[in-house]
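A quick write-up on the structure given underneath.
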Amino acid sequence: MTRADKTEALRLLYHYACGYCGTTETQAGGILSRDHFVPLAQGGRDSLGNLVYACETCNRAKGNYDSRGDAPETRLLHPLTDDLTAHVAPGADGLLIAQTPLGQTFIAVLNLNRAALVAARRTD
């Protein structure tokens, strides 16, 4: 599978939105990036199962964070294989509220309560 094929598959799989924060291609002004969930530097592979469609802000925030975590509570939730709603809930004020330690890690590592996202959630 070519890089372009993988990107197109990710776009479809993630419904043209960031798997971490939900920012759409329309909101971002173009195609998003491919994040290696387990970074290549940490032994991750360049396969669809290890790729997340991500906006530039989330991709930069995650960086080379070892998604597997050194301790169970520091593991990063995977947008497709973990039930995010069991770990993170929307608050009435637009903030995301951690329901579990994994949810707290997810919100903190990806900075999911950044001002632009909170403002967008308030208008939804």
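Heads up: the sequence shown begins at 35 in our numbering, then just goes up one per residue.
Beta carbons are placed, not taken as given, at the ideal position from N, Cα and C, and that holds for glycine.
Only a predicted model underlies this, so the values are computations on that prediction, with no experimental measurement involved.
**OP:** Pull up the DSSP beta-bridge partners for H70, would you.
**Re:** L85
Original post:
Helix, strand or coil: how does DSSP classify P113 here?
Top reply: Correct three-state label for P113: coil.
Original post:
Considering only C-alpha positions, which residue in the set G125, G137 and L46 is nearest to A153?
Top reply: G125
Original post:
With contact counted as at least three CB pairs below 8 Å, one residue from each stretch, are the region 38 to 50 and the region 82 to 93 in contact?
Top reply: yes
Original post:
Do G53 and L110 have their C-beta atoms within less than 9 Å of each other?
Top reply: no
**OP:** Provide the residue span of the beta strand (DSSP E) that contains L130, from first to last.
**Re:** L130 to A132
Subject >> Within 9 Å, strictly: CB atoms of L144 and H121 >> reply: Taking 9 Å as the Cβ cut-off, L144 and H121 do not qualify as a contacting pair.
Subject >> DSSP state of A123 mapped onto helix, strand, coil >> reply: strand
Original post:
From which residue to which residue does the alpha helix (DSSP H) around P135 run?
Top reply: P135 to L144
**OP:** Might you give, ordered along the chain, the residues of its own chain that have their beta carbon closer than 6 Å to the beta carbon of T134, omitting 5 neighbours on each side?
**Re:** H121
**OP:** Could you check the C-alpha separation between T119 and A132 for me, to the nearest Å?
**Re:** 10 Å
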